[in-house]
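Student: My structure is below; once you've seen it, I'll send some questions.
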């Protein structure tokens, strides 16, 4: 019987709460395959998807590859875990003149032969049925894998396909992603979700200085993220009046610093209101003026209770772009619709601000009123996974 053999990675490291992580992962797998016909079963250290429509296999595999917590999968043949059944299945392999290696894993240590003995035996079977082939233990063209499990079944496969890895979505709680229209923030959302953090998103727009197309761009980015993070609640806040107030009352070089400090305050308010445990940003150390160590210290100092997660902090732009391309957000991110961070942009932004100087500039603003007015006009969009 043709099946999909699924493996998880980091869950092996979990102790007494491993069952909690596994239940979460299994729920996410079934949720991802909603609408597909399949049977799910588990044996120690493996999950098995069977009785699915064979002509849907590629689509099902692609869906499974988007599930955080799964490390790899194989398209396999499931057979009874006895020598005769496994040998008969191996005889069906046609590898021509290619080199091969047989690898046997035995979760069932009561199996008739040891792993090395059985691998050697099966190698002889392959050679007998493929006269032009040869054994290569170091760099084979084909790896023939036999996985003997504790459910009295064995799985024969020749390829291992990489999945997302990480931890099951939601196993680390829920946070708020500051989602702009740029390259970095969608990548940050993807990376933090890979660590198990379920996300909602917050976007600031500055209409009429920014167009509706800029907002639509962010919605499109959120839609692409749903392939990996599930449905997203997108909080949209108008930042126009706040930016105008900063522009009129504060020194221009502090524009970005004050703007980001107010964004952080709003983000924490939304976290408190909707019971979100962390703020997530796409900041990368030293990438721009607002992302120097001093700038991030000053902007983060307004946060009282919530941690700030910066999953891109040590990545360079090429690394971030590579991830963006792999999750299909890059082409959308580079569309020429500017977000609010480009409005009233100073020629020489301060790169080493201090909290004291930032507070001095903020004293010229009625920050509490500005924040309350912005939150009163909050728009919430439900971005559904396709």
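Residue numbers (our numbering): 8 to 393.
C-beta atoms are modelled at their ideal positions from N, C-alpha and C, and glycine is treated no differently.
Looking at C-beta atoms only, is the number of pairs between the region 176 to 191 and the region 203 to 219 that lie closer than 8 angstroms three or more?
Tutor: The region 176 to 191 vs the region 203 to 219: in contact.
Student: Decide if residue 298 is buried, meaning its Cβ has at least 16 other Cβ atoms within 10 Å, or exposed.
Tutor: Counting Cβ neighbours within 10 Å, residue 298 comes out buried, since at least 16 surround it.
Student: Tell me where the alpha helix (DSSP H) around residue 221 begins and ends.
Tutor: 219 to 236
Student: Which term fits residue 281, buried or exposed, when burial requires 16 or more other beta carbons within 10 angstroms of its beta carbon?
Tutor: Residue 281 comes out exposed.
Student: Can you name the start and end residues of the beta strand (DSSP E) that residue 182 belongs to?
Tutor: 181 to 185
Student: Measuring alpha carbon to alpha carbon, tell me which of 385, 28, 29 and 11 ends up nearest residue 208.
Tutor: 385
Student: Which residues in the same chain have their Cβ closer than 6 angstroms to the Cβ of residue 317, if we skip the five residues on either side of it in sequence?
Tutor: 288 and 290
Student: Determine the DSSP secondary structure at residue 244, reduced to helix, strand or coil.
Tutor: strand
Student: Check for me: the alpha helix (DSSP H) holding residue 264 runs from which residue to which?
Tutor: 262 to 281
Student: Tell me the DSSP secondary structure of residue 92 in three-state form.
Tutor: helix
Student: Which same chain residues, not among the five before or five after residue 150, have their C-beta less than 7 angstroms away from its C-beta?
Tutor: 108, 110 and 165
Student: How many angstroms separate the CA atom of residue 270 from the CA atom of residue 358?
Tutor: 18 angstroms
Student: Should residue 212 and residue 245 be called a contact, given that it needs their Cβ atoms to be closer than 9 angstroms?
Tutor: yes
Student: Could you pull out every residue in the same chain whose Cβ sits closer than 6 angstroms to the Cβ of residue 243, ignoring the five residues on either side in sequence?
Tutor: Excluding positions up to five away in sequence, the list reads 210 and 386.
Student: Assign residue 193 to buried or exposed, taking buried as 16 or more other Cβ atoms, counted over all protein chains shown, within 10 Å of its Cβ.
Tutor: If you draw a 10 Å sphere on the C-beta of residue 193, you find 16 or more other C-beta atoms in it, and that means buried.
Student: How many angstroms separate the CA atom of residue 187 from the CA atom of residue 30?
Tutor: 33 angstroms
Student: Who pairs with residue 395 in a beta bridge, going by DSSP?
Tutor: No answer is possible for residue 395: it lies beyond the span of the chain, which begins at 8 and ends at 393.
Student: Taking residue 378 as part of the alpha helix (DSSP H), name the residues at either end of that continuous run.
Tutor: Its alpha helix (DSSP H) spans residues 374 to 383.
Student: Which of helix, strand or coil does DSSP assign to residue 211?
Tutor: strand
Student: Count the other C-beta atoms from every protein chain shown that fall within 10 angstroms of the C-beta of residue 322, then say buried if there are 16 or more, exposed otherwise.
Tutor: buried
Student: Smallest Cα separation from residue 326: which of 147, 65, 76 and 198?
Tutor: 198
Student: Whole-angstrom Cβ separation of residue 154 and residue 12, contact assumed at under 8 angstroms?
Tutor: Right, the Cβ-Cβ distance comes to about 7 angstroms (below 8 angstroms), so this counts as a contact.
Student: I'd like the list of long-range same chain contacts for residue 152, defined as Cβ closer than 6 angstroms, with 5 residues on each side in sequence excluded.
Tutor: Excluding the 5 residues flanking it on each side, residue 152 has same chain C-beta neighbours closer than 6 angstroms at 110 and 164, in chain order.
Student: Taking only the alpha-carbon atoms, compute the straight-line gap between residue 160 and residue 97 and give it to the nearest angstrom.
Tutor: 15 angstroms
Student: Measuring CB to CB, does residue 40 end up less than 9 angstroms from residue 15?
Tutor: no
Student: Can you tell me whether residue 101 is buried or exposed, with buried defined as 16 or more other CB within 10 angstroms of its CB?
Tutor: exposed
Student: With a threshold of 16 other CB atoms inside 10 Å of the CB of residue 340, please say whether the residue is buried or exposed.
Tutor: buried
Student: For residue 118 and residue 78, what's the separation of their Cα atoms in angstroms?
Tutor: Roughly 26 angstroms between the two C-alpha positions.
Student: Helix, strand or coil: which one does DSSP assign to residue 4?
Tutor: There is simply no residue 4 to check, as the chain begins at 8 and stops at 393 in what is shown.
Student: Let's see if you can read the secondary structure: which residues bound the alpha helix (DSSP H) around residue 152?
Tutor: Segment 149 to 155 is the beta strand (DSSP E) holding residue 152; no alpha helix (DSSP H) there.
Student: Out of 184, 249 and 125, point me to the one whose CA is closest to residue 214's CA.
Tutor: Per the C-alpha coordinates, the member of 184, 249 and 125 positioned closest to residue 214 is 249.
Student: Less than 9 angstroms between the C-beta atoms of residue 284 and residue 182, yes or no?
Tutor: yes
Student: Skipping 5 residues on each side, what residues in its chain have a beta carbon closer than 7 angstroms to that of residue 139?
Tutor: 103 and 104
Student: Considering only the beta carbon of each residue, do residue 304 and residue 255 sit closer than 9 angstroms?
Tutor: no
Student: I'd like to know whether the C-beta atoms of residue 43 and residue 54 end up nearer to each other than 9 angstroms.
Tutor: no
Student: Using only CA atoms, which one of 131, 237 and 247 lies nearest to residue 390?
Tutor: 237
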